[in-house]
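Student:
2 protein chains.
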Amino acid sequence: MTPTITAFERSPDGGQGLARDMRVRWAFEEVGQPYEVRLLSFKAMKEPAHLALHPFGQIPTYEEGDLALFESGAIVFHIAERHAGLLPDDADARASAIAWMFAALTTMEPPIVEREMALILERDEAWHERRLRRLEESVRKRLGELSGRLGDADWLDGGFSAGDLLMVSVLLRLKGSGLLEEVPNLSALRRPRRSPPRLHARLRRPTGGLHRRIGRLTKAHSGPGEERQLGVAGGGKQTLRALATGPGPNSSENAATGRAQGTRTEQAD
Amino acid sequence: MTPTITAFERSPDGGQGLARDMRVRWAFEEVGQPYEVRLLSFKAMKEPAHLALHPFGQIPTYEEGDLALFESGAIVFHIAERHAGLLPDDADARASAIAWMFAALTTMEPPIVEREMALILERDEAWHERRLRRLEESVRKRLGELSGRLGDADWLDGGFSAGDLLMVSVLLRLKGSGLLEEVPNLSALRRPRRSPPRLHARLRRPTGGLHRRIGRLTKAHSGPGEERQLGVAGGGKQTLRALATGPGPNSSENAATGRAQGTRTEQAD
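So the sequences go chain by chain: A and B.
Going by my numbering, the first sequence opens with residue 125, and the numbers climb by one from there.
Going by my numbering, the second sequence opens with residue 125, and the numbers climb by one from there.
Here it is, written out as structure tokens:
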């Protein structure tokens with residue numbers, strides 16, 4: 125049965141692709157699982173029908189037969205458990221990848237979101253700038269620690285995993301802040317890389333092609349044609365793979381297509 | 125091999141048992157797994173030896189043979205996967221319990237921690253009170269949504285799971301705020317319950333016996349005798365079970381002992 129996820133009808137980020145459905149879409153694309161998307165208005169998100177799926181009235185949710193899930197981390201984990209490509213087979217490596225999933229969402233994302241919220245809610249306050257500086261220091265601290273661990277490695281721990289997927293999706297939220305660019309091994313790399321996509325490369329794209337493409341495509345969130353434009357109703361793989369990922373080393377049978385598209389995207393930037 | 129976790133030598137909460145090692149200890153106690161604790165100074169947490177275990181220089185970590193994990197959520201999940209009692213066998217119920225694990229740490233905990241941080245970092249600012257009110261509203265909103273989902277149920281989704289464990293451990297952080305007490309089905313229940321421990325009961329204890337006992341026992345964190353006092357070096361089950369849990373319906377063979385101790389604790393308050 126094809127799973128259905130929910131996403132914003134009009135994303136608060138104005139269509140930059142930073143909403144939390146994107147990490148679930150990426151996971152689907154990475155493993156080659158078709159899926160459908162149901163768009164929700166803000167009003168619908170707080171109504172009983174949606175609250176039955178998501179107690180906190182947010183997106184994304186995941187429905188497949190009798191199973192209903194919420195929390196993007198849990199949904200990505202569910203996808204990763206049921207398909208090859210997002211979690212290692214080795215038990216210890218798998219546990220470590222899961223640790224990175226939690227690290228992305230519980231250690232890295234909160235200070236980034238707190239900074240975003242300050243920009244939205246406190247911009248007119250006299251103390252906004254001073255507080256913003258402090259919040260940026262919190263984000264810098266985490267980025268520095270992450271950078272220290274990553275070093276010259278391709279991925280956070282061995283091969284590409286759902287931990288990398290979630291970490292990249294979280295770091296994408298820093299677009300436009302300039303903070304990512306301060307960290308050499310996390311920011312846009314100047315030298316070309318011929319090796320398979322790696323965390324560096326995935327982070328590079330956001331500053332160029334990835335974000336531009338996300339912006340272009342997810343603007344469809346605000347219109348009724350989204351499913352057709354993204355082609356997500358069972359056939360979004362080609363478009364979104366090029367959009368959000370480029371294939372990981374574990375990606376599915378469409379890897380060659382996706383890689384070619386990814387390359388074209390990078391060249392076009 | 126007995127796993128070893130790390131904890132604060134001197135907990136920033138002054139020994140109230142709110143540090144993130146407590147949720148891991150609770151998971152160990154719940155499944156009856158002996159464990160050892162290595163206490164760390166703040167200085168040691170930022171040194172290379174610990175950063176090799178925890179890239180963000182925090183506690184807890186988990187070591188067992190060649191496996192090293194960080195992130196309390198990932199450690200609890202690791203324990204839950206390897207022992208009966210913290211995750212349902214049914215695949216859909218298991219996925220749902222995992223969703224509640226993520227919900228506790230990524231939806232419920234961040235606003236609670238943000239409020240804590242404001243109390244620590246911004247108490248002297250002229251705008252502190254006004255901002256604190258806004259943060260409290262954020263916490264209230266989440267508590268209200270959680271309350272709405274819980275209703276009269278015993279646990280968040282069917283039987284007791286690691287999702288309940290993490291949710292309770294997060295809600296414990298609200299001790300002293302008065303916010304939990306505003307939500308009838310989450311706060312201290314007045315009427316006695318004879319049924320097995322349930323989320324309500326676990327939440328009740330913190331306002332009385334649980335927190336007092338946590339405070340008393342975890343004060344040992346600040347002294348070198350902690351391991352002996354808590355008895356965690358392979359034999360902490362009886363003490364800590366009475367302290368932190370009372371047995372869940374899925375708890376191990378020591379359930380009867382634990383329940384008796386839990387009852388004594390409540391009577392003593």
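Don't be surprised by glycine CBs; every beta carbon is placed ideally from N, CA and C.
If you're wondering where the values come from, they're calculated on a predicted model, not measured in any experiment.
Can you tell me whether A:T230 is helix, strand or coil according to DSSP?
Tutor: The residue you call residue 230 of chain A lines up with position 106 of the first sequence. In this structure, A:T230 counts as helix in the three-state DSSP scheme.
Student: Is A:W279 buried or exposed, if buried means 16 or more other CB atoms sit within 10 Å of its CB?
Tutor: Position 155 of the first sequence holds residue 279 of chain A. A:W279 comes out buried.
Student: Out of A:A168, A:G287, A:L267 and A:W150, point me to the one whose CA is closest to A:V307's CA.
Tutor: Position 183 of the first sequence, counted from the first residue, corresponds to residue 307 of chain A. Per the Cα distances, A:L267.
Student: With DSSP as the reference, label B:A250 as helix, strand or coil.
Tutor: Here the question's residue 250 of chain B lines up with position 126 in the second sequence. Coil at B:A250, not helix or strand.
Student: Does any C-beta atom of chain A lie closer than 8 Å to the C-beta of B:I236?
Tutor: Residue 236 of chain B sits at position 112 when you count from the first residue of the second sequence. No, its Cβ sits nowhere closer than 8 Å to a Cβ of chain A.
Student: Of all the CB atoms in chain A, is at least one closer than 8 Å to the CB of B:I222?
Tutor: Locating residue 222 of chain B in the second sequence gives position 98, where the first residue counts as 1. Cβ-Cβ to chain A under 8 Å: yes for B:I222.
Student: Against A:E269, what residues of chain B qualify as contacts under a CB-to-CB distance less than 9 Å, listed in chain order?
Tutor: Residue 269 of chain A sits at position 145 when you count from the first residue of the first sequence. L175, P179, F180 and G181, listed in chain order.
Student: Going by DSSP in three states, B:F201 sits in which element: helix, strand or coil?
Tutor: For the purposes of this step, residue 201 of chain B is taken as the residue at position 77 of the second sequence. Three-state DSSP puts B:F201 in a helix.
Student: Going straight from the alpha carbon of A:K265 to that of B:A198, what length do you get?
Tutor: As a first step, residue 265 of chain A is located in the first sequence; it is residue number 141 there, counting from the start. As a first step, residue 198 of chain B is located in the second sequence; it is residue number 74 there, counting from the start. Answer to the nearest angstrom: the Cα atoms are 22 Å apart.
Student: For a cutoff of 8 Å on Cβ pairs, would you count B:D248 as touching chain A?
Tutor: In the second sequence, counting from the first residue as 1, residue 248 of chain B sits at position 124. By this cut-off, B:D248 is not an interface position.
Student: For A:L229, return the contacting residues in chain B, with the cut-off set at a CB-CB distance below 8 Å.
Tutor: Working through the first sequence from its first residue, we reach residue 229 of chain A at position 105. Per Cβ cutoff of 8 Å: F226, L229 and T230.
Student: If distances are taken between C-alpha atoms only, which option among B:L289, B:L295 and B:I183 comes closest to B:V161?
Tutor: In the second sequence, counting from the first residue as 1, residue 161 of chain B sits at position 37. It is B:I183.
Student: Can you tell me the Cβ-Cβ gap for A:T230 and B:L229, rounded? I've got them flagged as a contact below 8 Å.
Tutor: Your numbering for residue 230 of chain A matches position 106 in the first sequence. Your numbering for residue 229 of chain B matches position 105 in the second sequence. Confirmed, about 5 Å.
Student: Rounded to a whole number of angstroms, what is the C-alpha to C-alpha distance between B:A223 and A:L310?
Tutor: Along the second sequence, read from residue 1 onward, the residue named residue 223 of chain B stands at position 99. Along the first sequence, read from residue 1 onward, the residue named residue 310 of chain A stands at position 186. Answer to the nearest angstrom: the Cα atoms are 29 Å apart.
Student: So A:H202 contacts chain B; which residues on that side make the cut at Cβ distance below 8 Å?
Tutor: As a first step, residue 202 of chain A must be located in the first sequence, where it is residue number 78. Within 8 Å Cβ-Cβ: A219 and I222.
Student: Using a Cβ-Cβ distance cut-off of 8 Å, determine whether B:L210 contacts chain A.
Tutor: Walking along the second sequence from the start, residue 210 of chain B turns up at place 86. No, B:L210 lies away from the interface with chain A (no Cβ there is under 8 Å from its Cβ).
Student: Using the Cβ count rule (16 or more neighbours within 10 Å means buried), how would you classify A:D288?
Tutor: Counted from its first residue, the first sequence places residue 288 of chain A at position 164. It counts as buried.
Student: Using three-state DSSP, classify B:I183 as helix, strand or coil.
Tutor: Along the second sequence, one-based indexing puts residue 183 of chain B at 59. Coil.
Student: Kindly list, in the order they appear in chain A, the residues whose Cβ is closer than 9 Å to that of B:G272.
Tutor: On the second sequence, position 148 is the one that residue 272 of chain B refers to. Here the neighbours are L175 and P179.
Student: Any idea what DSSP makes of B:E238, helix, strand or coil?
Tutor: Within the second sequence, numbered from 1, the residue matching residue 238 of chain B stands at position 114. Helix, per DSSP.
Student: If contacts are defined as beta-carbon pairs under 8 Å, then A:A151 and A:A204 qualify, I think. What distance do you get, rounded to the angstrom?
Tutor: For the purposes of this step, residue 151 of chain A is taken as residue 27 along the first sequence, with counting starting at 1. For the purposes of this step, residue 204 of chain A is taken as residue 80 along the first sequence, with counting starting at 1. Yes, A:A151 and A:A204 are in contact; Cβ-Cβ is about 7 Å, under 8 Å.
Student: Considering only residues of the same chain and omitting the five flanking positions on each side of A:G272, which have a CB-CB separation below 7 Å?
Tutor: Position 148 of the first sequence, counted from the start, is the residue given in the question as residue 272 of chain A. Contacts found: none.
Student: Check the Cβ-Cβ distances between A:F152 and every residue of chain B, and say whether any is below 8 Å.
Tutor: Locating residue 152 of chain A in the first sequence gives position 28, where the first residue counts as 1. It does not; no Cβ of chain B falls within 8 Å.
Student: Strictly by DSSP, which residues pair up with A:T126?
Tutor: Translated into the one-based positions of the first sequence, residue 126 of chain A becomes position 2. According to DSSP, which records beta bridges pairwise, A:T126 is partnered with nothing at all.
Student: For the beta strand (DSSP E) holding A:E160, just list the boundary residues, first then last.
Tutor: Here residue 160 of chain A refers to the residue found at position 36 when the first sequence is read from its first residue. E160 to L164 is the extent of the beta strand (DSSP E) around A:E160.
Student: Just the Cα atoms here: how many angstroms apart are B:E238 and A:L191?
Tutor: One-based indexing of the second sequence puts residue 238 of chain B at position 114. One-based indexing of the first sequence puts residue 191 of chain A at position 67. B:E238 and A:L191: Cα-Cα distance of roughly 33 Å.
Student: Checking 8 Å against the spacing of the C-beta atoms, do A:L303 and A:V263 come in under that value?
Tutor: Taking the first sequence and counting its residues from 1, the one referred to as residue 303 of chain A is at position 179. Taking the first sequence and counting its residues from 1, the one referred to as residue 263 of chain A is at position 139. Result yes, Cβ atoms of A:L303 and A:V263 sit closer than 8 Å.
Student: Could you have a look at A:F284 and say whether DSSP puts it in helix, strand or coil?
Tutor: Within the first sequence, numbered from 1, the residue matching residue 284 of chain A stands at position 160. Coil.
Student: Suppose you measure from the CA of B:T128 to the CA of A:L175; what does that come to, to the nearest Å?
Tutor: What you label residue 128 of chain B is simply residue 4 of the second sequence in a count that begins at 1. What you label residue 175 of chain A is simply residue 51 of the first sequence in a count that begins at 1. Rounded to the nearest angstrom, the two C-alpha atoms are 40 Å apart.
Student: Buried or exposed for B:M125, going by 16 or more other Cβ atoms inside 10 Å?
Tutor: In the second sequence, counting from the first residue as 1, residue 125 of chain B sits at position 1. Exposed is the call here.
Student: Would you mind telling me which residues of chain B sit closer than 9 Å to A:R266, beta carbon to beta carbon, in chain order?
Tutor: To locate residue 266 of chain A, count along the first sequence from 1; it is residue 142. Here the neighbours are F180.
Student: Report the CB separation of A:E269 from B:G181 in whole angstroms; it is logged as a contact under 8 Å.
Tutor: Walking along the first sequence from the start, residue 269 of chain A turns up at place 145. Walking along the second sequence from the start, residue 181 of chain B turns up at place 57. Yes, they are in contact, since the Cβ atoms of A:E269 and B:G181 sit about 7 Å apart, within 8 Å.
Student: Short of 7 Å in beta carbon distance, which residues of its chain neighbour A:M291, apart from the five on each side in sequence? Order them along the chain.
Tutor: By 1-based counting over the first sequence, the position of residue 291 of chain A is 167. Cβ neighbours of A:M291 beyond the five flanking positions: W224, A228, M232 and L280.
Student: With a threshold of 6 Å on Cβ separation, who are the neighbours of B:L256 within its own chain once the five nearest residues in sequence on each side are excluded?
Tutor: Counting from 1 along the second sequence, the entry for residue 256 of chain B is found at position 132. Excluding positions up to five away in sequence, the list reads A242.
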